[in-house]
Structure formats: structure tokens, C-alpha cells
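Count along the sequence shown starting at 1, add 400, and that's the number in our numbering.
Ideal Cβ placement from N, Cα and C applies to all residues, glycine included.
As the structure is a prediction and not an experimental result, all values here were calculated from the model.
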Amino acid sequence: MQQNQYWGFPEQHGQYYPSTVQPRHQWFRQIVIEDAIGIARQQVAGEVVKAELEREQGRLYYEVDILATNGRKYEVKIDANNGAVLGVELD
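Spelled out as C-alpha cells, the structure:
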């Protein structure tokens, strides 16, 4: 079997996977929602009004809505795999 025809997980046959297949680590969350809320609160001070797990293009992330102390609502996106901040937007 040629290497570019394999569609399994990378750990089964080296580190190769076609670019059209998402790596396995993007399919499963590694941090819990409480961790994501803590990370989001480090970005925006205020009250958490909503937090949920979302999926977009095969990537899992937490979306945390925070009502900031200035009265504005912010949306913070946290990567569910590694806890990285993907974005902070005024909602």
C-alpha cells in the first residue's frame, strides 16, 4: 500500500496522514470546561454568562461569553485540545 493511500490514525503507521484528514488530536478535547473558563477569565475580567463546547471544521473549541466589568459582552474561544486562546471578540 502506498503511503498516500492510508487513511488511519498517524500513530498506527508513522506520522503521515493526508492533508484532507484532520489529525486525531483535533477530534478529542484535552481540557475540561472549567479550565477553559479560567483561561477566558484571564483574558477578560467579568461574569461568565455562557460556556459551551463547539466544533468547527473538525476542530473542537470552547466558546465562553463574558459580561465584562465595563458592561460589554465578549466571546472568548479556547482550543479544547491545548487550551490556547483562539480569539477574543466583542459580541
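So, under 8 Å CB-CB, Gly446 and Ala468 are touching, yes? Tell me the CB distance rounded to an integer number of Å. 4 Å
Please classify Arg472: does DSSP put it in a helix, a strand, or coil? coil
What span of residues does the alpha helix (DSSP H) with Gly446 cover, start to end? Where Gly446 is concerned, there is no enclosing alpha helix (DSSP H), although the beta strand (DSSP E) it sits in stretches over 446-456.
Starting from Arg459, follow its DSSP beta bridges and name the residues at the other end. Glu456
Which class does Asp479 belong to by DSSP, given the choice of helix, strand or coil? strand
Going by beta carbon distance, what residues of the same chain come within less than 7 Å of Gly487, once the five residues before and after it are set aside? Lys477
Work out the CA separation of Asn470 and Glu434 for me, nearest whole Å. 23 Å
Excluding the 5 residues flanking Val444 on each side, which residues of the same chain have their C-beta closer than 7 Å to its C-beta? Ile466, Ala468, Tyr474, Val476, Val488
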